[in-house]
Amino acid sequence: MLEMLPYPSGALHMGHVRNYSIGDALARYMWMNGYNVLHPMGWDSFGLPAENAAIKNNTPPKEWTLSNIAAMKVQMKRLGFAYDWSREVTTCLPDYYRWNQWFFLKLYQSGLAYRKNSKVNWCPKCATVLANEQVVGGMCWRHEDTPVEQRELEQWFLRITKYADELLRDLEKLQGWPEKVRIMQQNWIGRSEGTLVDFDLGGTVGPAGSTITVFTTRVDTIYGATSVQLAPEHPIVTDLIARNAELRAQVEQLIAEQRRAKEAGDIGNIEKHGVFTGRYAKNPYNGEAVPVWVANYILMDYGTGAIMSVPAHDERDYEFAQKYKLEIRLVILPASTDPEETMTAPPLPFTPTDGILVNSGEFSGLGCEEAIARMSAMAEEKNFGKATVTFRIKDWGISRQRYWGTPIPMVYCEKDGVVPLAEKDLPVLLPDNVPITLAGGSPLASVPSFLNTTCPKCGGPARRETDTMDTFVDSSWYFYRYADAHNSGAPFDTATIAYWFPIDQYIGGVEHAILHLIYSRFWTKFMRDMGLVKNDEPVTRLFTQGMVIKDGAKMSKNLGNVVSPDDMVARYGADATRLYSLFAAPPDRDLDWQESGIEGIQRFLGRLYRFYLRNRQVRNSPQADNVPPTELSSEARSLQRKLHQTIKRVSHDFQGRWHFNTCIAAIMELVNEIYSAEEAIAGGRVPPSLILDVQRNIALLLAPMAPYLAHELWEMAGETGNLLKASWPKHDPALAAEDEIEIPVQVNGKLRGLVVVPAAASEDEIKQAGLADEKVKAAIAAKQIVKVIVVPKKLVNIVVR
RNA sequence: GCGAAAGUGGCGGAAUUGGCAGACGCACCAGACUUAGGAUCUGGCGGGUAAAACCGUGGGGGUUCGAGUCCCCCCUUUCGCACCA
Numbered sequence: 004m005l006e007m008l009p010y011p012s013g014a015l016h017m018g019h020v021r022n023y024s025i026g027d028a029l030a031r032y033m034w035m036n037g038y039n040v041l042h043p044m045g046w047d048s049f050g051l052p053a054e055n056a057a058i059k060n061n062t063p064p065k066e067w068t069l070s071n072i073a074a075m076k077v078q079m080k081r082l083g084f085a086y087d088w089s090r091e092v093t094t095c096l097p098d099y100y101r102w103n104q105w106f107f108l109k110l111y112q113s114g115l116a117y118r119k120n121s122k123v124n125w126c127p128k129c130a131t132v133l134a135n136e137q138v139v140g141g142m143c144w145r146h147e148d149t150p151v152e153q154r155e156l157e158q159w160f161l162r163i164t165k166y167a168d169e170l171l172r173d174l175e176k177l178q179g180w181p182e183k184v185r186i187m188q189q190n191w192i193g194r195s196e197g198t199l200v201d202f203d204l205g206g207t208v209g210p211a212g213s214t215i216t217v218f219t220t221r222v223d224t225i226y227g228a229t230s231v232q233l234a235p236e237h238p239i240v241t242d243l244i245a246r247n248a249e250l251r252a253q254v255e256q257l258i259a260e261q262r263r264a265k266e267a268g269d270i271g272n273i274e275k276h277g278v279f280t281g282r283y284a285k286n287p288y289n290g291e292a293v294p295v296w297v298a299n300y301i302l303m304d305y306g307t308g309a310i311m312s313v314p315a316h317d318e319r320d321y322e323f324a325q326k327y328k329l330e331i332r333l334v335i336l337p338a339s340t341d342p343e344e345t346m347t348a349p350p351l352p353f354t355p356t357d358g359i360l361v362n363s364g365e366f367s368g369l370g371c372e373e374a375i376a377r378m379s380a381m382a383e384e385k386n387f388g389k390a391t392v393t394f395r396i397k398d399w400g401i402s403r404q405r406y407w408g409t410p411i412p413m414v415y416c417e418k419d420g421v422v423p424l425a426e427k428d429l430p431v432l433l434p435d436n437v438p439i440t441l442a443g444g445s446p447l448a449s450v451p452s453f454l455n456t457t458c459p460k461c462g463g464p465a466r467r468e469t470d471t472m473d474t475f476v477d478s479s480w481y482f483y484r485y486a487d488a489h490n491s492g493a494p495f496d497t498a499t500i501a502y503w504f505p506i507d508q509y510i511g512g513v514e515h516a517i518l519h520l521i522y523s524r525f526w527t528k529f530m531r532d533m534g535l536v537k538n539d540e541p542v543t544r545l546f547t548q549g550m551v552i553k554d555g556a557k558m559s560k561n562l563g564n565v566v567s568p569d570d571m572v573a574r575y576g577a578d579a580t581r582l583y584s585l586f587a588a589p590p591d592r593d594l595d596w597q598e599s600g601i602e603g604i605q606r607f608l609g610r611l612y613r614f615y616l617r618n619r620q621v622r623n624s625p626q627a628d629n630v631p632p633t634e635l636s637s638e639a640r641s642l643q644r645k646l647h648q649t650i651k652r653v654s655h656d657f658q659g660r661w662h663f664n665t666c667i668a669a670i671m672e673l674v675n676e677i678y679s680a681e682e683a684i685a686g687g688r689v690p691p692s693l694i695l696d697v698q699r700n701i702a703l704l705l706a707p708m709a710p711y712l713a714h715e716l717w718e719m720a721g722e723t724g725n726l727l728k729a730s731w732p733k734h735d736p737a738l739a740a741e742d743e744i745e746i747p748v749q750v751n752g753k754l755r756g757l758v759v760v761p762a763a764a765s766e767d768e769i770k771q772a773g774l775a776d777e778k779v780k781a782a783i784a785a786k787q788i789v790k791v792i793v794v795p796k797k798l799v800n801i802v803v804r
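Listed below in structure tokens is the structure:
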């Protein structure tokens with residue numbers, strides 16, 4: 004049972020309290036059901052806020068982070084979450100991050116970590132690089148108002164794309180994950196099957212034989228291609244503008260437009276512009292030379308950065324062709340059972356894939372799908388293209404120009420170039436007393452004692468890599484460490500992992516649907532391939548809880564609507580705080596925090612407590628003197644029935660849908676029932692053994708959700724053993740059963756009366772009782788009964804005319 | 001634009017399979033206890049009516065003896081994706 008570990012910002016917020024209250028309730032429930040539950044906690048403790056705090060308060064990141072951890076641990080303990088602290092994982096400590104470095108070396112050896120000069124996302128506020136996943140709508144994921152810039156930098160990348168296909172395919176296996184998260188990952192991976200086709204530029208531009216390779220998912224429409232469109236940053240364009248000043252100016256404008264749109268996050272709405280290069284490229288299928296354009300709606304980082312433009316069968320191409328009066332050539336007709344329709348030209352652009360090819364040489368008459376297969380095969384045969392698969396997901400850039408992260412264990416030697424450290428030289432320790440600025444550039448580069456080292460290969464002078472790792476590296480495998488937290492010879496022991504993994508249940512916010520959860524899946528697959536783990540996936544079941552809302556908005560410091568857990572605990576107690584976070588909404592939905600709501604919970608707990616206080620003497624009653632149900636007073640029998648019904652309802656919700664709000668409501672109903680039986684209890688009409696039974700069971704039912712009070716009540720009921728080791732109660736169906744039930748009687752579907760019948764009444768008896776009801780009689784007087792519907796135990800409906 | 005989820009009293013939310021809509025809690029009203037009540041206990045509480053009738057689950061149609069629940073169309077909100085070739 005695992006909840007996502009927090010970033011140690013200094014204080015828990017209500018979102019954490021909710022997340023951990025859900026997880027703790029489930030862990031405790033599982034313990035009471037006899038399972039061996041591993042329920043750990045840790046700290047995702049590298050990252051930028053520690054550096055910001057260092058600047059602001061002049062406190063070293065390490066000090067700030069460790070004191071935050073200490074403070075938050077106190078908060079967690081106060082809330083009563085049952086974690087195994089002996090397995091605590093703190094990612095910023097060397098005994099953890101050394102294994103990040105170890106993994107990095109393994110990745111490097113496997114060719115999965117590599118260095119590349121590339122255009123990267125740069126957040127000026129963070130003064131560091133961001134992974135693609137950390138760019139949200141053109142903005143930094145941490146600074147919603149800061150546009151991400153593009154910079155050219157040399158960076159370390161992890162080859163997550165090697166697993167792109169498997170990451171996509173295995174989503175199928177994750178049936179215990181929310182559909183929504185699977186779809187988000189599927190979109191992120193963005194697999195697309197298509198064809199690469201070379202358009203020959205030979206004789207028209209550049210050196211003879213040079214080609215433009217386009218990527219298309221609709222090669223079947225290629226006879227309708229009337230131009231080729233290049234991304235403004237395409238290498239061929241770069242080459243062309245080097246020799247054409249006029250074109251250069253125009254292309255630069257396109258680039259600027261594209262960049263602006265990207266930064267504004269509305270690249271989807273960019274006004275399509277283009278410029279003709281004056282060159283032509285040859286369509287290898289029909290030998291036709293089509294004009295080559297540069298257009299701002301073509302992105303260099305998708306596919307090949309070049310497309311064939313088929314205006315008749317693509318919306319974007321259609322729009323573009325209309326604007327520039329390019330030829331629009333129809334090559335697909337609708338395939339319809341109606342021959343008339345098949346012959347008529349469809350409204351343009353016509354994009355379905357179930358049409359029939361026309362004007363397409365030898366391929367005319369084929370259906371689209373078959374045409375795609377045959378045309379791809381032909382391209383490969385004749386060596387001008389091939390079927391291919393592209394992905395939207397890119398390799399994971401992990402270099403960060405920051406101090407507070409895992410040092411990357413590589414050195415640069417003048418003689419030997421890039422050299423990995425040996426495993427025995429790990430960990431590369433993060434030095435203390437490093438001046439932190441947000442000036443940009445890696446802070447570690449300013450620390451000579453860190454920077455200057457010797458080459459592991461030749462022993463000559465070398466300098467260390469000064470970038471640190473993205474913190475998502477830390478969280479990609481932290482949960483494995485819980486299972487073997489003190490292993491100093493390996494990240495963990497494989498056999499131990501095989502016992503605990505995959506994680507049965509992981510709980511956290513949906514905001515990690517892509518970043519953390521896709522990196523973790525990648526990391527697991529890599530570890531499996533190196534033989535370190537046996538599972539293909541880290542997490543069998545994932546649950547994403549809703550946000551905590553106040554006054555209609557997500558709690559945030561900016562809006563000033565945060566509720567402090569410490570305040571709540573001080574005013575209402577830990578149990579009430581936890582219980583309210585479970586009661587106010589089902590866990591998958593957003594929760595609206597209302598101060599008056601938690602007061603109601605506190606009242607309920609008080610009511611419950613007073614019942615135990617008033618009836619302390621029952622603890623001495625012999626449990627064995629059970630009175631047969633038939634000999635109980637009606638008040639006692641009602642109470643007994645309600646008790647067993649409550650056990651049934653609470654157990655059911657714990658096993659199924661985790662609607663703790665209705666669990667708590669059920670226990671409240673039971674307490675209300677107790678209060679209505681108060682007089683009977685005082686009058687001695689409820690046997691002490693039954694009262695004691697009620698007391699013991701309520702303590703058990705409440706134990707997962709309100710542990711402090713539950714333990715106290717458990718003792719008040721005369722028990723001394725550990726409540727978590729007591730078994731979860733079972734209801735007795737016979738005792739839960741009603742003797743009599745109320746049956747609504749409808750006439751033509753409208754409620755007209757209520758009759759009380761024995762629970763075991765036959766259909767006919769129910770029907771007769773319904774027909775005999777005075778109100779019903781009145782409603783059907785002078786009407787003809789067409790039929791009578793009797794649903795056993797549910798209702799009677801009399802249809803009259 | 002595409003995809004998903006949601007829409008129920010004054011509020012948070014119940015109604016697990018088509019079967020008494022509004023459990024439970026909050027707020028509110030009344031009463032009891034009390035010097036006092038922001039404590040506690042009891043009762044009331046969708047709209048409407050003197051009481052009924054009747055009307056009520058975003059709107060409009062439909063299926064059914066019966067629809068919050070199933071089907072069709074539409075509206076609103078939230079989230080995700082968005083020239084992905």
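Start counting at 1 in the first sequence, then tack on 3, and there's your number in my numbering.
Just so you know, even glycine gets a beta-carbon here, dropped at the ideal spot from N, CA and C.
Whole angstroms is fine: what's the gap from residue i's alpha carbon to residue j's?
i, j, result
"His515", "Phe529", "20 Å"
"Ile601", "Met671", "14 Å"
"Ala784", "Arg31", "59 Å"
"Ala324", "Glu330", "7 Å"
"Glu722", "Leu704", "15 Å"
"Pro9", "Met142", "23 Å"
"Leu82", "Leu110", "40 Å"
"Ala211", "Ala252", "Unreliable placement is indicated for Ala211, whose pLDDT of 47 sits below 50; the coordinate value is still reported in the next sentence. Going by the C-alpha atoms only, they are around 26 Å apart."
"Gly271", "Arg319", "11 Å"
"Arg282", "Asn135", "34 Å"
"Leu133", "Arg467", "22 Å"
"Phe873", "Asp27", "Any property of residue 873 remains undetermined from this structure, which presents the chain solely from 4 to 804."
"Met381", "Glu91", "59 Å"
"Val758", "Val748", "7 Å"
"Asn455", "Tyr415", "10 Å"
"Thr418", "Leu108", "In the sequence as presented, Thr is not what sits at residue 418; that position holds Lys. Straight-line Cα distance between these residues: approximately 20 Å."
"Lys80", "Ala577", "10 Å"
Pick from the options: whose alpha carbon is nearest that of residue i?
i, options, result
"Gly752", "Leu82, Arg617, Leu424 and Arg804", "Arg804"
"Glu274", "Ala775, Ala284, Leu635 and Arg262", "Arg262"
"Ala228", "Thr280, Arg172, Pro150 and Ala315", "Ala315"
"Leu774", "Ser765, Ala764, Val799 and Val789", "Val799"
"His647", "Leu693, Arg194 and Met719", "Leu693"
"Leu726", "Arg640, Trp46, Ala713 and Arg332", "Ala713"
"Ser402", "Gln643, Trp125 and Asn664", "Trp125"
"Phe218", "Gly205, Leu302, Val791 and Arg172", "Leu302"
"Asn289", "His276, Val200, Glu152 and Ile521", "Val200"
"Trp399", "Trp67, Ala116 and Met44", "Ala116"
"Lys651", "Asn120, Ala669 and Phe366", "Ala669"
Tell me, please, which residues DSSP counts as bridged to residue i.
i, result
"Lys119", "Gln158"
"Trp296", "Gln232 and Phe279"
"Asn800", "Gln749 and Ile792"
Hey, residue i and residue j are a contact pair by Cβ (cut 8 Å); roughly how many whole angstroms apart?
i, j, result
"Phe546", "Leu5", "Incorrect: roughly 10 Å between the Cβ atoms, too far for contact."
"Ile215", "Val231", "6 Å"
"Ala772", "Pro690", "That pair is no contact at about 33 Å."
In chain order, what are the residue ranges of uninterrupted alpha helix (DSSP H) at least 4 long that sit wholly in the stretch 542-582?
568-575
Only counting runs of 3 or more residues, tell me where the beta strand (DSSP E) segments fall wholly within the stretch 40-64, in order along the chain.
none
Run through the stretch 186-230 for me and flag every whole beta strand (DSSP E) of 3 or more residues, listed as ranges in chain order.
195-203 and 214-219
At 4 residues or longer, and completely inside the stretch 423-487: list those alpha helix (DSSP H) runs for me, N to C.
451-454 and 474-485
What runs of the alpha helix (DSSP H), each 4 residues or longer, lie entirely inside the stretch 713-776?
736-739 and 766-775
Please give me, in chain order, every unbroken run of the alpha helix (DSSP H) with length at least 4 that falls completely inside the stretch 297-382.
318-327 and 342-346
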